[in-house]
Amino acid sequence: MKFSKILILFAVLVGSLLVLPHDGEAETGEVYEVGDINLNVRSEPSGTGPVIGQLQKGDQVISFEEKYGWVRTYYAGEEAWVAAHYLTKMSQENQAIKPDKQRLQVTGQSVYIRTGPGTDYAIKSSASAGNTYNMLTKDADWYKIELADGSTGWIASWLTDKPVQENKSSNQKEQKQETTAQEVRGVSTNKNNPLDGYNIVIDAGHGGKDPGAIGIGGVEEKSLTSQTADQVADVLREEGATVIETRVKDTYLSLNRRVEVSNAYNTDAFISIHYNAFPIQTIHGIGAYYSSQNKDLALAENIQNSLASSLPLYNRGLYQEGFHVLRNNDAPSVLLELGFITNRGDVTAIQSAGYNQKVAEAIADGLEDYFY
Ligand SMILES: [Zn+2]
């Protein structure tokens, strides 16, 4: 993730619900397309600002502000600026990112729909990740939605792609206790399961319109992360853990949304799965990224050690980086780069049978080392 040409596009959400890192600039952004050059992405709105990445022809960016001929957007989760001169405004029908003001999409894996706006209300039915509904009205952190049979129900906003964040009320704790159907099913009765009682969030990097890095043979990071995440989730569930996947389909999720999912649960560990890319094809190996020394380092260390001892790839070790999904996460968090898809040796290993199973078992072992 770190080196790859990843453009983090923030979905155009309902303006008032979209919480950006900077208050008061949450109006729906214009979508621009990069013209026929390699466009530098800078950390400041100036031609002398430090270059933090590059965009290519056809990449799309959302503008959140325009200043001195520069457009503010986000790149790898961080504020970034690109010269407006090289951008063309896109017509609505050509936008990969379409504003969606009426519908919400469920992002929790299996989520209760209740008869009223709160966990005190009875469960009416459940919804799966990827399901979409018409939004009718809002009450605090809950949405009233239209169900397929024409009736209505209520869903917790933080388990959808339209979280309501302004309401940090005193009943936040209670709201966090909203559990999904998946959680209840995932509770193990086998006391011998080493991860029994632990809530683990598995985050498959990228997805939907964000393919992540593109590697040798055109392989897309987002599909590899999906496959690996599913396998990891399976193995952790076999060992008794309650596992929440931030996405189970090829859908786009903002970095904020991924953090929201993690922060909505009593998450014991958040694990983000990525594959790496770099212009120099000899660069290879696996690495683990942590943000906080206190909160994250021990988790990263245990999982990286376990991966390094079981995978056939070079051990690049640990890196401290303030990635958005780590830095804003309440839970101990790690971002794993499980090999370079721009390196022939790595990508062969990554795509070999059994690689995902090895990764999954190593992560499970690392978690046990960490918890005990
Ligand atoms: Zn990535």
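Using mature numbering (1 follows the signal peptide of the UniProt record, and there is no 0), the letters of the sequence shown correspond one by one to residues -21 to -1, 1 to 351. Don't be surprised by glycine CBs; every beta carbon is placed ideally from N, CA and C.
Taking the Cα positions, Gly132 is about 13 Å away from Thr98. The beta carbon of Asn281 sits closer than 8 Å to the beta carbons of Gly345, Leu346, Asp348 and Tyr349 from its chain, once the five residues preceding and following it are set aside; these are given in chain order. Between Phe257 and Val180, the C-beta gap is not smaller than 8 Å, which leaves the two residues out of contact. If you check the C-beta of Gly264 against ligand 1, you find no heavy atom less than 7 Å away.
Annotation for Arg306: the continuous alpha helix (DSSP H) segment containing it runs His303 to Arg306. Taking each of Asp247, Ser42 and Asp118 in turn and checking the Cα distance to Trp137, the smallest one comes out for Asp118. Ranked by Cα distance from Thr27, the first of Trp60, Gln206, Ala341 and Asp209 is Trp60.
Residues of the same chain with a CB within less than 6 Å of the CB of Tyr293, apart from the 5 flanking positions on each side, are His263 and Gly264 in chain order. Residues Ser270 of the same chain have their beta carbon placed closer than 6 Å to that of Arg306, with the five preceding and five following residues left out of the count. The Cβ atoms of Tyr177 and Ala220 sit closer than 8 Å to each other. By the criterion of at least three beta-carbon pairs nearer than 8 Å, the region 32 to 42 is not in contact with the region 89 to 103. Positions of the beta strand (DSSP E) runs, each at least 3 residues long and wholly inside the region 17 to 48, are given as 18 to 21, 30 to 34, 39 to 42 and 44 to 46 in order along the chain. In this structure, Leu234 and Val304 form a Cβ contact; the two beta carbons are roughly 6 Å apart against a cut-off of 8 Å.
The beta carbon of Lys337 is closer than 8 Å to those of Ser289 and Leu290 in its chain, skipping five residues each way along the sequence.
Rounded to whole angstroms, the gap between the alpha carbons of Phe319 and Asn255 is 4 Å. Here the alpha carbon of Thr111 sits roughly 9 Å from the alpha carbon of Ile124. According to the DSSP assignment, Arg323 belongs to the alpha helix (DSSP H) that extends over Arg323 to Ile329. Glu217 and Thr52 have their C-alpha atoms some 41 Å from each other. Cβ-Cβ distances below 6 Å link Val30 to Asn19 and Arg21 in the same chain, with the five nearest sequence neighbours on each side left out; the list follows chain order.
For His253, the Cβ falls inside the 7 Å cut-off from some heavy atom of ligand 1. For Gln206 and Asn335, the gap between their C-alpha atoms comes out near 7 Å. Less than 8 Å separates the beta-carbon of Glu316 from that of Gly266. Using a 10 angstroms sphere on the CB of Tyr54, the tally of other CB atoms reaches 16 or more, which defines it as buried. Short note on His185: C-beta closer than 7 Å to some heavy atom of ligand 1. Here Arg237 really is in contact with Asp182; their C-beta atoms are around 5 Å apart, less than 8 Å. Annotation: the continuous alpha helix (DSSP H) that includes Arg237 extends over Leu234 to Asn242. Rounded to the nearest whole angstrom, the C-alpha separation of Pro190 and Ile41 is 17 Å. Secondary structure of Ser251 (DSSP, three-state): strand. When distances are taken from the beta-carbon of Glu200 to the heavy atoms of ligand 1, the shortest one is below 7 Å. For Glu300 against Tyr268, the beta-carbon gap comes to about 5 Å, under 8 Å, which counts as contact.
CA-to-CA, the gap between His253 and Asp309 works out to about 20 Å. For Glu340, same chain residues with a beta-carbon under 8 Å away, outside a window of 5 residues either side, are Val214 and Ser289 in chain order. Collapsing the DSSP output to three states places Lys68 in a strand. Set against 7 Å, the gap from the CB of Ala277 to the closest heavy atom of ligand 1 is not smaller. In the structure shown, Asn178 falls within a strand segment according to DSSP collapsed to helix, strand and coil. Distance from the CA of Ala62 to the CA of Gly48, rounded to the nearest whole angstrom, comes to 6 Å.
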